[in-house]
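Chains as they are written, first to last, in the numbering used here: chain A, 5 to 162; chain B, 5 to 162; chain C, 5 to 162.
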Amino acid sequence: MKEKMTIIVFSGDMDKAMASFILATSAAAAGMDVTMFFTFWGLNVLKRNEGGIQSRGIMRKMLNWMNRGGSRRLPLSKFDMVGMGRWMMKKLMKESKMPTVDELITMAKEMGVRLVACTTTMGVMGLSKDAFIPEVDSFAGASAYLGEAKEGRVNLFI
Amino acid sequence: MKEKMTIIVFSGDMDKAMASFILATSAAAAGMDVTMFFTFWGLNVLKRNEGGIQSRGIMRKMLNWMNRGGSRRLPLSKFDMVGMGRWMMKKLMKESKMPTVDELITMAKEMGVRLVACTTTMGVMGLSKDAFIPEVDSFAGASAYLGEAKEGRVNLFI
Amino acid sequence: MKEKMTIIVFSGDMDKAMASFILATSAAAAGMDVTMFFTFWGLNVLKRNEGGIQSRGIMRKMLNWMNRGGSRRLPLSKFDMVGMGRWMMKKLMKESKMPTVDELITMAKEMGVRLVACTTTMGVMGLSKDAFIPEVDSFAGASAYLGEAKEGRVNLFI
């Protein structure tokens with residue numbers, strides 16, 4: 005039996021998404037079984053980068069316009085400065101040969117990391133499955149998370 | 005023996021408080037034994053909504069005026085926009101039939117979740133027990149937390 | 005065998021650094037074996053307070069100037085108000101006889117808590133070992149963290 009790790013990705017910030025995926029891929033590389041649950045702002049990491057986000061009602065449209073998301077649009081949790089800090093950090097990461105969030109998603113999938121999107125948040129924000137990238141393995145709620153976390157040796161909330 | 009879960013609620017943001025209570029009540033519903041430790045800004049979740057907060061000294065009065073707290077006054081961690089985002093999120097949650105933080109506290113209590121307020125933070129912020137709602141089960145410090153977390157199968161810091 | 009605790013300190017905020025060290029020293033006092041991994045903004049907690057930070061390239065110099073760090077320069081995660089809130093919180097903590105972050109680092113070291121700085125972030129930010137205080141025990145990456153966390157009874161991400 006493989007040792008399990010779970011990560012709740014609550015944050016939609018680029019730096020926290022990177023930390024999540026670096027931990028997830030390192031664990032998978034060390035032979036662990038990893039599941040990542042994306043909830044609340046964290047759903048932004050899994051939204052499609054292309055096209056618009058469909059949702060019903062003026063308030064949900066406004067929310068999804070401000071909170072557009074997509075792996076290439078994530079802000080930094082600090083020093084984002086309307087995108088300037090984010091742009092700088094991306095350059096520094098490229099120079100250091102660090103993978104981007106996009107590349108980390110691909111790596112994670114190739115290593116068997118499971119990506120789960122939270123259905124409760126999807127309901128509140130008026131998001132349907134087609135707002136998300138095809139790399140998402142499943143759509144589930146808190147009880148699915150708890151089922152896995154109970155078996156986890158390492159459970160983090162990021 | 006029931007499986008244990010502990011959550012440190014450090015944040016006083018509405019979205020993180022909701023995530024904490026959704027996890028706590030889901031765990032209790034699945035038969036787990038859950039304790040939530042509220043510390044630092046997280047104490048705001050457990051402050052009474054009515055009346056003022058008493059504290060001695062000008063600086064503590066200022067801090068408790070800015071940081072008034074109460075389950076109905078929690079800001080969003082993102083897009084709060086001086087209350088506008090919070091108001092919108094509350095409307096969307098109501099439409100989706102999501103319980104409010106207040107209702108989640110009641111549900112958690114009914115399901116046996118224990119709510120603990122951190123005495124160390126209370127000391128620094130000059131808060132006495134009567135600043136808090138009666139739903140608080142106990143007042144304790146870090147070592148009480150660790151005693152429980154060591155037995156926990158899932159321990160989160162939110 | 006001692007029970008293990010690990011803490012990832014991702015945040016460079018004073019309040020979160022204090023929470024991390026209070027948990028770490030309480031755990032060590034209770035006989036636990038504690039390792040703290042400082043990554044991303046969390047590296048600021050371990051940067052020397054004196055002198056400048058050397059780094060190559062204009063962007064890294066800018067980043068390290070804005071993100072100077074050092075245990076005595078950490079902002080609050082809320083109400084920092086360009087240093088005003090931080091100054092107030094420091095005064096309140098002193099009045100309550102709370103140790104400062106500096107004193108907590110010393111206490112943690114005396115109690116055997118291990119402080120590890122993340123080499124991946126150091127690479128991206130262009131930081132060399134001499135940017136850090138001598139209290140740092142080692143420099144390592146995510147796989148070193150996972151090796152310890154797998155054995156941990158309590159693993160937190162702060």
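The beta-carbon is built from N, C-alpha and C at its ideal position, and this holds for glycine as well.
Just so we're clear, the structure is a prediction, and the values are computed from it rather than from any experiment.
Given a length threshold of 3 residues, each whole run of the beta strand (DSSP E) inside the region 68-153 of chain A is given here in chain order: 118-122 and 142-144. As summarised for the region 27-55 of chain B, the continuous beta strand (DSSP E) elements at least 3 residues long and confined to that stretch are 37-42, given in chain order. At a Cβ-Cβ threshold of 7 Å, L108 of chain C and M93 of chain C do not count as neighbours. Going by C-alpha positions, A135 of chain B is about 6 Å away from I57 of chain B.
Restricting attention to A:V49, A:L119, A:G46 and A:A21, the CA atom closest to the CA of D37 of chain A is found in A:L119. Between the alpha carbons of V105 of chain B and M22 of chain B lies a gap of roughly 6 Å. Under the DSSP definition of a beta bridge, M9 of chain B partners with B:V38 and B:V158. For V128 of chain B, the chain C residues whose C-beta falls within less than 9 Å of its own C-beta are M93, L96, M97, E99, S100 and M102, listed in chain order.
Taking the CA atoms as reference points, F143 of chain B sits about 25 Å from A33 of chain B. If you draw a 10 Å sphere on the C-beta of V13 of chain B, you find 16 or more other C-beta atoms in it, and that means buried.
In the pairwise beta carbon analysis, the region 82-101 of chain B is classified as not touching the region 24-33 of chain B: fewer than three pairs are separated by under 8 Å. Contact of M63 of chain C with chain A is assigned, a C-beta pair being separated by under 7 Å. Relative to the Cα of R77 of chain A, the nearest Cα in the group A:M63, A:R60 and A:E54 belongs to A:E54.
Residues G16 and G73 of the same chain have their beta carbon placed closer than 6 Å to that of N48 of chain B, with the five preceding and five following residues left out of the count. DSSP places I62 of chain C in the helix class (H, G or I) of the three-state scheme. Between I26 of chain A and A153 of chain C, the gap from beta carbon to beta carbon reaches 7 Å or more. Rounded to the nearest whole angstrom, the CA to CA distance from F41 of chain C to Y149 of chain C is 7 Å. For F44 of chain C against T125 of chain C, the beta-carbon gap comes to about 5 Å, under 8 Å, which counts as contact. Out of A:R90, A:W91, A:K101 and A:L67, the CA that lies nearest to the CA of M85 of chain B is found in A:L67. Pairing S59 of chain C with K133 of chain C, the inter-Cα distance amounts to about 11 Å. No Cβ-Cβ contact shorter than 7 Å links I162 of chain C with F83 of chain B. For K82 of chain B, the chain A residues whose Cβ falls inside 8 Å of its Cβ are G16, W45 and N71, in order along the chain. Contact between E139 of chain C and K8 of chain C is absent: CB atoms are separated by about 20 Å, not below the 8 Å threshold. When DSSP states are grouped into helix, strand and coil, F25 of chain C belongs to the helix group.
Around the beta carbon of G35 of chain A, a 10 Å sphere encloses fewer than 16 other beta carbons of the protein chains shown; the residue is thus reported as exposed. When the Cα atoms are used, V117 of chain A and M102 of chain C turn out to be separated by approximately 42 Å. Collapsing the DSSP output to three states places D17 of chain C in coil. If you ignore the 5 residues before and after R52 of chain A, its C-beta comes within less than 7 Å of the C-beta of G74, A135, F136 and I137, all in its own chain and listed in chain order. The Cβ of F161 of chain B sits closer than 7 Å to at least one Cβ of chain C.
Within 9 Å of the CB of T124 of chain C, the CB atoms of chain A belong to I26, S100 and M102, in sequence order along the chain.
Distance from the CA of W91 of chain C to the CA of G127 of chain B, rounded to the nearest whole angstrom, comes to 17 Å.
Between the C-alpha atoms of R64 of chain B and G46 of chain B there is a straight-line separation of about 17 Å.
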